[in-house]
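J.: One structure is given below, represented as structure tokens, and several questions about it will come after.
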Amino acid sequence: MKGVMQAVALVLVMVSGGWTAGAQDPGKEEIGKIRAELFFGTNGAADVAGPLAGEVPAAEMKKLQASKELRFASYRKLGEDRKAVWRAFENWAVPMKPSEEIMVSFEPKGVERNALRIDLKLWAQKREVLTVLPLLRPGKKLYILGPAWRGGRLIIAVELLELASQ
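What the sequence shown shows, in my numbering, is residues 5 to 170, in sequence order.
Given below as structure tokens:
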């Protein structure tokens, strides 16, 4: 009878959440926030980016044109997404919501002196098209020239918005 009472008490603790409180998954710990932006650069007609593509602010265009590899006649912003970075899980950003035509996945690989190393992948039509392993610092935007798309090129901008103290 004593064994049955102990089993019932254990089940009640598990059901009430007492068991799971101590068993939280440490991989789901939020260690930062990232913004992924998607731009389209072209020397042709920018309207091929579609009707939902937005104008790029002048300050952003100046940053894009500062790099020879990112210099185009015109740009359009396709979208952005802000996501939490979980310690040990692959994270996904969908900058062209609700479309999943272009997606960005990122997985933290380590924190180094107030910076975050991530495994960053660009996905187009559910196929991986680009992989990089950058070191991101809070407030510093990283621009990556992506693949050809609709007569121009995709440009991915990734920014670490915040990093939890380690």
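All residues carry an ideal CB built from backbone N, CA and C; glycine is no exception.
Is it right to say residue 80 is buried, meaning 16 or more other beta carbons lie within 10 angstroms of its own, or is it exposed?
T.: With 16 or more Cβ atoms within 10 Å of its Cβ, residue 80 is classed as buried.
J.: Suppose you measure from the CA of residue 155 to the CA of residue 73; what does that come to, to the nearest Å?
T.: When rounded, the distance between both Cα atoms is 16 Å.
J.: With distance defined between alpha-carbon atoms, name the residue in 159, 39, 127 nearest to residue 53.
T.: When each option's Cα is compared against that of residue 53, the closest is 159.
J.: Could you spell out where the beta strand (DSSP E) holding residue 164 opens and where it closes?
T.: It spans 156-167 - the beta strand (DSSP E) in which residue 164 sits, taken as one unbroken run.
J.: Nearest to residue 168 by alpha carbon, out of 150, 142, 148?
T.: Checked all of 150, 142, 148; the closest Cα to residue 168 is 142.
J.: Grab me the residues of residue 105's own chain with a C-beta within less than 8 Å of its C-beta, minus the 5 sequence neighbours each way, in chain order.
T.: Counting only Cβ-Cβ distances below 8 Å, and skipping sequence neighbours, we find 128, 129.
J.: Should residue 1 go down as buried or exposed, given a rule of 16 or more other Cβ atoms within 10 Å for buried?
T.: Outside the displayed range of the chain (5 to 170) lies residue 1, so it cannot be described from this structure.
J.: Looking only at C-alpha atoms, which of 76, 62, 50 sits nearest to residue 149?
T.: Comparing Cα-Cα distances from residue 149 to each of 76, 62, 50, the minimum goes to 76.
J.: I'd like the span of the beta strand (DSSP E) that includes residue 111, first residue to last.
T.: Taken as a continuous stretch (DSSP letters only), the beta strand (DSSP E) holding residue 111 covers 106-115.
J.: Straight-line CA distance for residue 137 to residue 122?
T.: Cα to Cα, the separation comes out at about 6 Å.
J.: What would DSSP say about residue 49, mapped onto helix, strand or coil?
T.: In this structure, residue 49 counts as coil in the three-state DSSP scheme.
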